[in-house]
Amino acid sequence: IIHRAKHSGASIAQSPTPRDDNSRDNERTRRKRAATLCHVGRHEFDPAALKVVPEWPLVYWWDARRFESYASAPLFGELAPAAKGICTSDDVRYMRRSWEVPGVHVAGSAHGWVPSIHGAKDERWFEPLNLLLTWRANGLQNKVMHEFRWGSHSKRVQNQHYYFRLGVAFSMIGANFSARAHRYPSVFGDKGSSVFPSDRASALCSMNSSESRAILESLNPSISFQVGDVNRLPLFPIADADEIFAQIEAAFSIHEAHREPSVEFKQPGPSPWRHAQDWAQLAVDRPAETPLPEYVEELDPEPPTDHLSYALGVALGRFAPDGTGILDPSTADLSHALPAGILFLDSTLDREDHRDSLGHPACEPLISAWRTYSRQLDTKRKSLR
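Going by the working numbering, the residue at position 313 of the sequence shown is 690; the numbering climbs one at a time, nothing skipped.
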């Protein structure tokens with residue numbers, strides 16, 4: 378019902394089906410009818426109170442506390458507007474995985490390839506270095522392509538003044554909103570839209586709070602969050618944000634040092650990352666004026682396959698045998714590795730007959746790892762071959 382004249386009474390809205398109920402079955406219509414008759418999901422609200430939110434969305438189910446907290450905090454659009462990044466129009470041509478480009482190290486760049494941030498893919502709190510973008514001559518190749526196709530590159534290569542600045546990226550696709558801090562100065566993409574506040578720790582903690590998530594999912598109930606939605610998000614003050622940021626960053630560093638696909642990989646080991654994320658969520662959602670919960674490290678053990686994979690990498694010359702990380706074949710001493718980094722296996726040989734590459738001294742760590750961890754594997758293999 379739409380009122381075309383002012384009225385003094387409260388407005389009423391009803392949502393008989395819970396907003397988070399996505400079930401679809403033959404009884405849904407009956408449940409909805411019964412809930413309507415019983416006034417389930419009935420809300421009284423003042424339309425004027427909704428004006429506190431830009432664009433005046435019909436968030437009739439918000440209570441007075443949420444309206445008050447929303448009105449009391451500055452918006453990201455006022456302090457650090459969300460920015461949309463580069464659209465390459467051909468990711469296959471211009472993008473690479475971090476392990477596809479030789480010479481990539483913890484500095485993040487190599488031979489004209491620079492870190493790039495795109496979709497979240499379930500990442501939260503910190504963005505690992507997964508993707509690289511070719512950026513020789515300030516991205517000239519991609520810009521020329523856009524000039525040829527569209528007559529201009531500025532609409533595709535957007536917000537260049539924010540490139541290589543550390544910010545906070547947010548998820549743009551999915552039912553649940555989340556944010557993650559840039560770990561490396563990067564070129565961010567159109568699906569890696571970001572904010573660039575002066576205080577990254579406070580912004581990250583605020584954006585990942587349950588209150589912010591609930592507000593943003595109210596403002597945009599779809600599965601596609603846009604920069605305009607984030608600009609309407611309040612920057613709530615989170616006590617001890619710097620300490621939370623430092624603690625979870627330290628846990629993420631340990632996690633990356635033990636994750637083989639990471640450019641920060643050193644050697645296999647247990648990870649505190651899963652528990653650290655749970656602790657951080659608890660910390661940002663705690664009631665006001667309550668102390669920061671104690672962080673007690675809990676480690677998830679690494680799977681036995683990690684040790685076999687690492688031993689193989691040492692034998693091939695990809696990893697240092699002393700656990701110092703990824704080797705650059707152009708400069709590293711590879712005397713410990715197989716010649717040319719090639720492992721020849723002869724399947725006609727018996728299990729303990731090592732006349733192929735398994736007999737080379739470089740494979741001794743691999744054979745030792747197999748003897749140690751093979752019993753923990755869910756495999757019927759009796760030998761490395």
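In this text, a Cβ means the ideal position worked out from N, Cα and C, and glycines have one as well.
Cα separation between residue 568 and residue 712?
Here residue 568 refers to the residue found at position 191 when the sequence shown is read from its first residue. Here residue 712 refers to the residue found at position 335 when the sequence shown is read from its first residue. If you draw a straight line from the Cα of residue 568 to the Cα of residue 712, it comes to about 43 Å.
From 663, 706, 716, 643, pick the residue whose C-alpha is nearest to that of residue 684; which is it?
The residue you call residue 684 lines up with position 307 of the sequence shown. The shortest C-alpha separation from residue 684 is found at 643.
Excluding sequence positions up to five away, which residues of its chain have a Cβ less than 7 Å from the Cβ of residue 737?
Position 360 of the sequence shown, counted from the first residue, corresponds to residue 737. Closer than 7 Å at the Cβ level, and outside the excluded window around residue 737, lie 715.
Does the beta-carbon distance from residue 516 to residue 534 come in below 8 Å?
By 1-based counting over the sequence shown, the position of residue 516 is 139. By 1-based counting over the sequence shown, the position of residue 534 is 157. Using a Cβ distance threshold of 8 Å, residue 516 and residue 534 count as a contacting pair.
Following the continuous alpha helix (DSSP H) through residue 545, name the residue where it begins and the one where it ends.
Here residue 545 corresponds to residue number 168 of the sequence shown, with the count starting at 1. Here residue 545 belongs to no alpha helix (DSSP H); instead the beta strand (DSSP E) covers 545-547.
Per DSSP, which residues does residue 474 bridge with? Please list them.
Locating residue 474 in the sequence shown gives position 97, counting from the first residue. According to DSSP, residue 474 bridges with 508.
Does the separation of the CB atoms of residue 654 and residue 502 fall below 8 Å?
Within the sequence shown, numbered from 1, the residue matching residue 654 stands at position 277. Within the sequence shown, numbered from 1, the residue matching residue 502 stands at position 125. Cβ atoms of residue 654 and residue 502: closer than 8 Å.
Spatial neighbours of residue 413 within its chain, please: CB distance less than 8 Å, with the 5 preceding and 5 following residues excluded, ordered by chain position.
Here residue 413 corresponds to residue number 36 of the sequence shown, with the count starting at 1. Result list for residue 413: 391, 393, in chain order.
Ignoring anything shorter than 3 residues, give me the beta strand (DSSP E) runs that lie fully in the segment 548-601, in order along the chain.
Taking only runs of at least 3 residues, the beta strand (DSSP E) segments lying wholly in the segment 548-601 are 556-559.
Excluding five sequence neighbours on each side, which residues of the same chain lie with their C-beta closer than 7 Å to the C-beta of residue 470?
Start at 1 with the first residue of the sequence shown, and residue 470 comes out as number 93. Within its own chain, no residue has a Cβ closer than 7 Å to the Cβ of residue 470 once the five positions on either side in sequence are excluded.
Give the single residue among 410, 670, 458 whose Cα lies nearest to the Cα of residue 604.
The residue given as residue 604 occupies position 227 in the sequence shown. Comparing C-alpha distances from residue 604 to each of 410, 670, 458 shows the shortest one belongs to 458.
So does the segment 587-597 actually touch the segment 624-642, counting three or more Cβ pairs closer than 8 Å?
Two segments are said to touch when three or more pairs of C-beta atoms, one from each, lie closer than 8 Å; by this definition the segment 587-597 does not touch the segment 624-642.
Tell me which same chain residues have a C-beta within less than 8 Å of the C-beta of residue 513, skipping the five on either side of it?
Locating residue 513 in the sequence shown gives position 136, counting from the first residue. Taken in chain order, the residues that qualify are 489.
Are the Cβ atoms of residue 494 and residue 563 separated by less than 8 Å?
Taking the first residue of the sequence shown as position 1, residue 494 is located at position 117. Taking the first residue of the sequence shown as position 1, residue 563 is located at position 186. Remark: C-beta atoms of residue 494 and residue 563 approach each other more closely than 8 Å.
Would you report the Cα separation of residue 389 and residue 584, rounded to the nearest angstrom?
Here residue 389 refers to the residue found at position 12 when the sequence shown is read from its first residue. Here residue 584 refers to the residue found at position 207 when the sequence shown is read from its first residue. Roughly 31 Å between the two C-alpha positions.
Straight-line CA distance for residue 610 to residue 549?
Taking the sequence shown and counting its residues from 1, one reaches residue 610 at position 233. Taking the sequence shown and counting its residues from 1, one reaches residue 549 at position 172. Taking the straight line from one Cα to the other gives about 14 Å.
How far does the beta strand (DSSP E) with residue 388 in it extend, from its first residue to its last?
Working through the sequence shown from its first residue, we reach residue 388 at position 11. It spans 388-391 - the beta strand (DSSP E) in which residue 388 sits, taken as one unbroken run.
Quick check on residue 694: buried or exposed, where buried means 16 or more other Cβ atoms within 10 Å of its Cβ?
The residue you call residue 694 lines up with position 317 of the sequence shown. A buried status is given to residue 694, since no fewer than 16 other beta-carbon atoms sit within 10 Å of its beta-carbon.
For residue 619, which residues from the same chain have a beta carbon less than 6 Å from its beta carbon, with the 5 sequence-adjacent residues on both sides left out?
Numbered from 1 along the sequence shown, position 242 holds the residue referred to as residue 619. Contacts found: 578.
DSSP state of residue 623 mapped onto helix, strand, coil
Taking the sequence shown and counting its residues from 1, one reaches residue 623 at position 246. Helix at residue 623.
C-alpha gap between residue 632 and residue 648, whole angstroms
Indexing the sequence shown from 1 puts residue 632 at position 255. Indexing the sequence shown from 1 puts residue 648 at position 271. Whole-angstrom Cα-Cα distance: 5 Å.
When DSSP labels each residue in this structure, what does residue 758 get in the three-state scheme?
For the purposes of this step, residue 758 is taken as residue 381 along the sequence shown, with counting starting at 1. It is coil, neither helix nor strand.
Coil, strand or helix - residue 503 by DSSP
Along the sequence shown, read from residue 1 onward, the residue named residue 503 stands at position 126. In the three-state scheme derived from DSSP, where H, G and I count as helix and E and B as strand, residue 503 is classed as strand.
Of the choices 570, 612, 705, 404, whose alpha-carbon is the least far from that of residue 602?
As a first step, residue 602 must be located in the sequence shown, where it is residue number 225. Nearest of 570, 612, 705, 404 to residue 602, Cα basis: 570.
Residue 747: buried (16+ other C-beta within 10 angstroms of its C-beta) or exposed?
Numbered from its first residue, the sequence shown carries residue 747 at position 370. Result: buried.
Could you say which of 499, 498, 500, 474 lies nearest to residue 492 if we only look at CA atoms?
Translated into the one-based positions of the sequence shown, residue 492 becomes position 115. Closest by alpha carbon: 474.
What does the alpha-carbon distance come out to for the pair residue 669 and residue 617?
Numbered from 1 along the sequence shown, position 292 holds the residue referred to as residue 669. Numbered from 1 along the sequence shown, position 240 holds the residue referred to as residue 617. Counting only the Cα atoms, residue 617 lies some 7 Å from residue 669.
How about residue 742 and residue 691: are their beta carbons less than 8 Å apart?
By one-based count along the sequence shown, residue 742 stands at place 365. By one-based count along the sequence shown, residue 691 stands at place 314. Taking 8 Å as the Cβ cut-off, residue 742 and residue 691 qualify as a contacting pair.
Output the distance between the C-alpha atoms of residue 638 and residue 673, rounded to the nearest integer angstrom.
Here residue 638 refers to the residue found at position 261 when the sequence shown is read from its first residue. Here residue 673 refers to the residue found at position 296 when the sequence shown is read from its first residue. If you take the alpha carbons of residue 638 and residue 673, they lie about 27 Å apart.
Selected residue, minimal CA-CA separation from residue 419, among 430, 437, 407:
Position 42 of the sequence shown, counted from the first residue, corresponds to residue 419. It is 437 whose Cα lies nearest to the Cα of residue 419.
Hey, does residue 613 have any beta-carbon neighbour from chain C nearer than 8 Å?
In the structure shown, chain C does not exist; there is a single protein chain.
With a threshold of 6 Å on Cβ separation, who are the neighbours of residue 675 within its own chain once the five nearest residues in sequence on each side are excluded?
The count along the sequence shown starts at 1 and reaches residue 675 at position 298. If we look at residue 675 and ignore the five residues flanking it on each side, its Cβ neighbours are 652.
So which of 555, 572, 556 has the shortest CA-CA distance to residue 538?
The residue you call residue 538 lines up with position 161 of the sequence shown. The shortest Cα separation from residue 538 among 555, 572, 556 belongs to 572.
Taking only the alpha-carbon atoms, compute the straight-line gap between residue 733 and residue 717 and give it to the nearest angstrom.
Numbered from 1 along the sequence shown, position 356 holds the residue referred to as residue 733. Numbered from 1 along the sequence shown, position 340 holds the residue referred to as residue 717. Residue 733 and residue 717 have their C-alpha atoms spaced approximately 15 Å apart.
When 640, 450, 429 are compared against residue 777, the one with the closest alpha-carbon:
Not covered by the structure: residue 777. The range shown for the chain is 378 to 762.
Helix, strand or coil for residue 747 per DSSP?
For the purposes of this step, residue 747 is identified with residue 370 of the sequence shown, where counting begins at 1. Correct three-state label for residue 747: helix.
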